[in-house]
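> Can you read through this structure? Questions will come right after.
Protein chains: 2
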Amino acid sequence: MEKELSIIYSCQKEVELLGQALSLLNWDQQTYMPKGGVSSRAEQCALLEVTSHQKFTDKKFFSAVKVLKKKKLPYDKKRMIEILYKDINKARKLPPSFVEELSRTTALAHNAWEEAREKSNFVIFKPHLEKVVHLKQKQTKYIKMPGHPYNSLLDDYEEGMTVEKMKPAFEKLKKGIINILHRIESSSAYQQQKPLVLATKIPKEAQLAMCRDVVQRIGLQENDSRMDLAVHPFTTHIGNDDVRITTNIRDNPFFAFESTIHEAGHALYELQMPKKYAHTVLKESPSHGLHESQSRFWENMISKSRPFWTFYFPRIKQAWNIQAIEDQWYRELNRINPGMIRIESDEIHYGLHIILRFELELGLIDGSIKVKELPQLWNEKMKELFGVTPKNDKEGVLQDVHWSGGSFGYFPTYAIGTIYAAQLYAAMKKKMPNIEQDIAQGKYMLIREWLQKNVHCHGSLYQAEEIIKKACGEGLNTSIYIKYLTDKYTDLYNC
Amino acid sequence: MEKELSIIYSCQKEVELLGQALSLLNWDQQTYMPKGGVSSRAEQCALLEVTSHQKFTDKKFFSAVKVLKKKKLPYDKKRMIEILYKDINKARKLPPSFVEELSRTTALAHNAWEEAREKSNFVIFKPHLEKVVHLKQKQTKYIKMPGHPYNSLLDDYEEGMTVEKMKPAFEKLKKGIINILHRIESSSAYQQQKPLVLATKIPKEAQLAMCRDVVQRIGLQENDSRMDLAVHPFTTHIGNDDVRITTNIRDNPFFAFESTIHEAGHALYELQMPKKYAHTVLKESPSHGLHESQSRFWENMISKSRPFWTFYFPRIKQAWNIQAIEDQWYRELNRINPGMIRIESDEIHYGLHIILRFELELGLIDGSIKVKELPQLWNEKMKELFGVTPKNDKEGVLQDVHWSGGSFGYFPTYAIGTIYAAQLYAAMKKKMPNIEQDIAQGKYMLIREWLQKNVHCHGSLYQAEEIIKKACGEGLNTSIYIKYLTDKYTDLYNC
Chain A
1 MEKELSIIYS CQKEVELLGQ ALSLLNWDQQ TYMPKGGVSS RAEQCALLEV
51 TSHQKFTDKK FFSAVKVLKK KKLPYDKKRM IEILYKDINK ARKLPPSFVE
101 ELSRTTALAH NAWEEAREKS NFVIFKPHLE KVVHLKQKQT KYIKMPGHPY
151 NSLLDDYEEG MTVEKMKPAF EKLKKGIINI LHRIESSSAY QQQKPLVLAT
201 KIPKEAQLAM CRDVVQRIGL QENDSRMDLA VHPFTTHIGN DDVRITTNIR
251 DNPFFAFEST IHEAGHALYE LQMPKKYAHT VLKESPSHGL HESQSRFWEN
301 MISKSRPFWT FYFPRIKQAW NIQAIEDQWY RELNRINPGM IRIESDEIHY
351 GLHIILRFEL ELGLIDGSIK VKELPQLWNE KMKELFGVTP KNDKEGVLQD
401 VHWSGGSFGY FPTYAIGTIY AAQLYAAMKK KMPNIEQDIA QGKYMLIREW
451 LQKNVHCHGS LYQAEEIIKK ACGEGLNTSI YIKYLTDKYT DLYNC
Chain B
496 MEKELSIIYS CQKEVELLGQ ALSLLNWDQQ TYMPKGGVSS RAEQCALLEV
546 TSHQKFTDKK FFSAVKVLKK KKLPYDKKRM IEILYKDINK ARKLPPSFVE
596 ELSRTTALAH NAWEEAREKS NFVIFKPHLE KVVHLKQKQT KYIKMPGHPY
646 NSLLDDYEEG MTVEKMKPAF EKLKKGIINI LHRIESSSAY QQQKPLVLAT
696 KIPKEAQLAM CRDVVQRIGL QENDSRMDLA VHPFTTHIGN DDVRITTNIR
746 DNPFFAFEST IHEAGHALYE LQMPKKYAHT VLKESPSHGL HESQSRFWEN
796 MISKSRPFWT FYFPRIKQAW NIQAIEDQWY RELNRINPGM IRIESDEIHY
846 GLHIILRFEL ELGLIDGSIK VKELPQLWNE KMKELFGVTP KNDKEGVLQD
896 VHWSGGSFGY FPTYAIGTIY AAQLYAAMKK KMPNIEQDIA QGKYMLIREW
946 LQKNVHCHGS LYQAEEIIKK ACGEGLNTSI YIKYLTDKYT DLYNC
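The listed protein sequences correspond, in order, to chains A and B.
Start counting the first sequence at 1; every next residue gets the next number (our numbering).
Start counting the second sequence at 496; every next residue gets the next number (our numbering).
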């Protein structure tokens with residue numbers, strides 16, 4: 001048994017190290033790489049993906065896992081073997097040539113997406129996306145999970161989740177959101193609401209300084225993290241004590257600040273994972289939804305709350321020279337507005353953004369929607385759900401990075417994460433009823449510790465929903481999220 | 496034969512791509528990586544080094560090379576096979592465990608060196624350097640080239656070069672330099688020379704702006720290159736059309752400007768290599784000496800010349816607010832001064848810096864010098880050759896990055912490169928007698944083209960000295976370099 005364990009630890013570690021090298025290649029491509037480097041980068045990534053896939057699906061590794069699967073083991077090792085068995089089994093269904101093609105295709109697609117987005121021209125991206133979609137359809141045929149073909153992709157991000165479970169949950173979410181939205185829209189506060197006015201044209205450096213300040217308070221240090229600029233903000237884990245976030249400066253200065261807080265939530269999770277499981281699958285999040293719960297928690301529950309601004313408003317007022325009082329600022333920040341861009345969305349419309357993408361993804365993967373139809377369908381759905389139409393592809397179908405990378409099945413995890421985040425905050429407040437006083441003083445240590453003790457410390461020892469059950473006493477519960485939204489926006493819009 | 500060629504092309508490409516990924520890991524470590532990332536980085540690099548070594552020494556690859564070695568092939572393919580045969584044969588002598596250990600050891604040593612250098616404390620670096628030296632001694636035993644054990648290391652940088660050839664060449668160089676130096680030192684111009692005064696405390700951004708300006712004129716574009724800050728300036732080739740240089744801001748503002756020009760010379764060479772040999776060993780420089788000739792050419796022959804400053808002095812005068820006339824500036828820039836730091840050295844003392852390192856390296860590798868003796872020996876040799884003693888380890892034994900990376904055998908190539916650079920400039924001026932007029936107008940296109948046609952276009956189709964023969968009509972000729980120095984400094988010091 002010792003022999004098998006040693007094989008398993010060393011193979012996991014090699015796969016992890018290759019993954020980290022790949023993360024750096026991706027980080028660099030999105031931050032500093034000269035444009036000329038793109039074709040080489042695609043080939044470098046493809047080679048590392050294939051090498052990693054080969055190592056992960058190696059016979060010797062899988063055999064060792066299969067031997068240990070039959071043995072009596074302590075819980076943590078048993079769970080590790082369980083995850084490895086499932087993942088290797090899935091990975092072995094994908095031929096190396098497919099993995100290489102997918103990697104090369106998505107690297108080029110990413111670049112095409114950047115150009116297309118910059119020029120607001122879907123045509124540049126279209127042939128690349130067609131290739132990506134074709135490959136992802138092929139992937140569903142290799143993986144062949146029961147039910148909708150999309151399930152085979154979704155499982156990569158949210159273990160155990162299916163279209164069949166998702167659809168009713170999203171129906172409930174949609175109804176809940178539309179219900180609140182109607183109440184808000186019919187309020188006089190909403191009807192008299194003015195356009196965004198308080199913070200405009202804040203210099204880039206002043207925005208970045210605030211971002212750095214909040215990131216540090218959340219708990220990232222210069223020694224273990226860094227922040228750079230990228231077209232689309234993201235977090236990546238390059239090594240132990242090396243986590244990187246990116247941000248992007250846009251017209252609305254809330255954007256950089258809040259997206260930075262969002263990414264810092266992801267990064268904190270990575271940094272607080274159990275070190276004793278280093279170089280194993282146990283030192284990973286069990287699902288994207290749970291990872292997203294960490295970013296959404298900081299972004300929504302913390303940084304869009306009144307107590308947060310008790311501390312931060314005087315600082316930002318001075319640093320950015322804001323002419324307003326705190327209450328105006330808080331309202332403007334949480335202003336409901338059917339905007340085009342998901343990551344600039346208010347909390348209410350956010351769920352609708354996800355539902356729109358989920359519906360399109362289902363069609364793309366089952367073949368009922370063609371890539372060429374996307375821009376029009378996108379705009380139609382925006383009209384239907386939001387009552388507005390994007391004026392171009394940049395603020396429509398080209399806004400998100402995910403499809404260029406082949407990440408179909410990723411979007412739903414944002415909604416799951418947001419629901420989990422609301423549940424975690426409710427549980428945290430039950431345990432620490434005075435936590436808002438800390439937040440009002442810019443002190444996040446107790447929050448950091450609570451998250452560490454209730455979520456981060458588990459790594460992937462349990463499935464995401466089990467961790468939520470341990471922390472909150474129950475699994476996914478959309479009602480708590482709907483209640484959070486209702487309470488907050490009833491107060492804000494007096495409706 | 497088609498089968499073998501196909502194996503050879505795909506294996507070379509994989510090794511190249513892994514090398515590029517490694518270059519990025521190294522670049523990142525020296526530019527942006529948070530300190531906490533160092534131990535993971537060491538393991539990532541070790542894994543990629545081993546993977547690359549495995550691929551390079553793979554039986555299938557070597558067999559294909561051996562088959563083609565016996566066939567009649569066109570010149571370029573024949574040369575490619577010849578290089579591969581030699582290099583694989585050498586690499587196969589190193590066990591993978593050794594390669595891994597060396598990679599991990601040097602990654603940690605690099606970090607220790609940075610800390611030691613910052614704190615000017617050799618003790619921090621000592622145990623790491625001892626491990627590195629031990630491994631390099633071991634390497635010489637695996638490789639076992641004839642003659643001095645150092646030959647087995649030197650050959651990695653300068654094919655065909657040996658200690659036995661090097662020693663008399665360096666004797667000649669030493670004599671030549673000391674001869675000029677004595678003449679300079681006894682000149683009244685030297686004796687009345689004032690300390691550096693013209694450019695002091697130039698703001699970092701103003702320095703970097705000038706660096707960017709000159710880099711662009713030399714021929715690097717935003718699309719295919721970038722410049723960042725690092726402790727020790729270097730150039731690295733991350734992919735086709737992705738070459739990166741770094742610089743470092745020091746008290747003397749000539750430093751950043753000239754070291755940037757030096758690195759730009761390396762980068763231009765990389766960018767102008769023959770694209771038709773992409774992903775093969777033919778699209779590489781045949782030796783470090785030849786690579787160095789490209790950087791030293793731009794740094795010494797161009798940027799320390801009078802015509803260069805005819806164009807640049809008015810610009811720098813304005814940008815940096817310099818109170819001087821061009822002639823003063825030119826003299827100050829070329830001022831002879833027995834300084835401690837190699838990469839801040841004047842042209843005359845530079846060769847002595849190399850000779851000092853070469854002599855210490857020989858002793859370290861043959862065991863006659865112990866690592867613990869290094870600081871003292873360094874200082875004694877400085878006293879002997881320069882007449883001055885470093886006041887601490889930072890300006891003594893800790894100044895260079897090379898040993899932390901295990902690059903023993905690298906330093907001599909700087910001297911070889913400098914000699915080649917003088918030969919190339921002499922040949923270029925013979926062909927284009929009016930080239931100084933272009934330089935005086937900040938126009939480097941003809942120079943770029945000449946270098947491309949006479950050096951860069953060859954890749955490694957020929958050995959370094961053959962390329963020099965083609966370009967200059969003869970191989971390595973120390974006398975031309977000595978003559979260059981004599982002419983220049985006779986004029987400068989009127990001696």
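A virtual CB, placed ideally from N, CA and C, is assigned to each residue, including glycine.
As the structure is a prediction and not an experimental result, all values here were calculated from the model.
Can you list, in chain order, the residues of its chain whose CB lies under 6 Å from that of residue 401 of chain A, leaving out five sequence neighbours each side?
Excluding residues within five positions, the ones whose Cβ falls inside 6 Å are 232.
> Just how far apart, CA to CA, sit residue 699 of chain B and residue 528 of chain B?
Cα-Cα distance, rounded: 21 Å.
> Relative to chain A, which residues along the segment 749-775 of chain B have a C-beta separation below 7 Å, given in chain order?
Cβ contacts with chain A: none found.
> Residue range of the beta strand (DSSP E) that residue 246 of chain A falls in?
Segment 242-247, the beta strand (DSSP E) holding residue 246 of chain A.
> What are the complete alpha helix (DSSP H) segments, minimum 4 residues, inside the segment 130-207 of chain A?
Correct list: 151-157, 163-185, 188-191.
> State the DSSP-derived secondary structure class of residue 51 of chain A, mapped to helix, strand or coil.
Note: residue 51 of chain A maps to helix in three-state DSSP.
> Which whole-angstrom value is the C-beta distance of residue 463 of chain A and residue 286 of chain A, which I expect to be below 8 Å?
Contact holds; Cβ gap of about 5 Å.
> By a C-beta neighbour count over all protein chains shown, 10 Å radius and 16 as the cutoff for buried, is residue 695 of chain B buried or exposed?
Exposed, because fewer than 16 other Cβ atoms sit within 10 Å of the Cβ of residue 695 of chain B.
> Could you name the residues that DSSP lists as bridge partners for residue 235 of chain A?
The partner list for residue 235 of chain A (beta bridge, DSSP) reads A:245.
> Checking contacts by CB at 8 Å: is residue 44 of chain A closer than that to chain B?
Chain B contact via Cβ: present.
> Which residues mark the beginning and the end of the alpha helix (DSSP H) in which residue 902 of chain B is found?
Unbroken run through residue 902 of chain B: none, as it is neither H nor E.
> Do you know how far the Cα of residue 229 of chain A is from the Cα of residue 505 of chain A?
The shown model of chain A, from 1 to 495, leaves out residue 505 of chain A, and the question about it has no answer.
> In chain B, which residues lie less than 9 Å from residue 238 of chain A when you measure between Cβ atoms?
Under the 9 Å cutoff, chain B gives 523, 528, 529, 532, 535, 536, 539.
> Which residue comes first and which comes last in the beta strand (DSSP E) that contains residue 724 of chain B?
Here the beta strand (DSSP E) through residue 724 of chain B covers 720-724.
> Out of A:456, A:8, A:305, which one is the CA nearest neighbour of residue 270 of chain A?
It is A:456 whose Cα lies nearest to the Cα of residue 270 of chain A.
> Give every residue of the same chain whose Cβ lies closer than 6 Å to the Cβ of residue 489 of chain B, excluding the five residues on either side of it in the sequence, and list them in chain order.
Since the first and last residues shown for chain B are 496 and 990, residue 489 of chain B lies out of range.
> Check whether the Cβ of residue 289 of chain A sits closer than 7 Å to any heavy atom of the ligand ATP, and report yes or no.
Among the components modelled here there is no ligand, and therefore nothing to report on the ligand ATP.
> Name the DSSP beta bridge partners of residue 287 of chain A, please?
Answer is A:158.
> Please compile the residues from chain B whose C-beta is within a distance smaller than 7 Å of the C-beta of residue 14 of chain A.
The answer, in chain order, is 542.
> Give the DSSP-derived three-state secondary structure of residue 496 of chain B in the structure shown.
It is coil, neither helix nor strand.
> According to DSSP, simplified to helix, strand and coil, what is residue 489 of chain A?
Correct three-state label for residue 489 of chain A: helix.
> Using the C-alpha atoms, what's the distance from residue 923 of chain B back to residue 753 of chain B?
Rounded to the nearest angstrom, the two C-alpha atoms are 21 Å apart.
> Here's the rule I'm using: 16 or more other beta-carbon atoms within 10 Å means buried, otherwise exposed. How should residue 844 of chain B be labelled?
Residue 844 of chain B comes out buried.
> Answer yes or no: does any C-beta atom of chain A fall closer than 8 Å to that of residue 720 of chain B?
Judged by the 8 Å Cβ criterion, residue 720 of chain B is in contact with chain A.
> In terms of alpha-carbon separation, which member of B:749, B:573, B:990 lies closest to residue 563 of chain B?
Out of B:749, B:573, B:990, B:573 has the C-alpha closest to the C-alpha of residue 563 of chain B.
> Quick one: complete alpha helix (DSSP H) runs, 4+ long, within the segment 44-119 of chain A?
Taking only runs of at least 4 residues, the alpha helix (DSSP H) segments lying wholly in the segment 44-119 of chain A are 59-69, 75-91, 96-119.
> Cα separation between residue 907 of chain B and residue 620 of chain B?
When rounded, the distance between both Cα atoms is 23 Å.
> Under a Cβ-count criterion, where at least 16 other Cβ atoms within 10 Å of its own Cβ denotes burial, should residue 644 of chain B be classed as buried or exposed?
Residue 644 of chain B is buried by the Cβ-count criterion.
> Would you list, in chain order, the members of the segment 968-982 of chain B that have their beta-carbon closer than 8 Å to a beta-carbon of chain A?
Listed by position, the residues of the segment 968-982 of chain B near chain A (Cβ gap below 8 Å) amount to none.
> Between the segment 240-251 of chain A and chain B, which residues of the former have a C-beta closer than 9 Å to a C-beta of the latter?
Of all residues in the segment 240-251 of chain A, 240, 241, 242, 243, 244 have a Cβ within less than 9 Å of some Cβ in chain B.
> Determine the direct distance from the alpha carbon of residue 253 of chain A to that of residue 495 of chain A, and round the result to whole angstroms.
Each residue's alpha carbon lies about 28 Å from the other.
> State yes or no: is the beta carbon of residue 515 of chain B nearer than 8 Å to at least one beta carbon in chain A?
Chain A contact via Cβ: present.
> Taking the alpha carbon of residue 298 of chain A as the reference point, which residue from A:327, A:288, A:268 has its own alpha carbon closest?
Of A:327, A:288, A:268, the residue nearest in Cα terms is A:268.
> Measuring straight from C-alpha to C-alpha, what distance separates residue 531 of chain B and residue 459 of chain A?
Cα to Cα, the separation comes out at about 20 Å.
> Ends of the alpha helix (DSSP H) at residue 745 of chain B?
Here residue 745 of chain B belongs to no alpha helix (DSSP H), and DSSP marks it neither H nor E.
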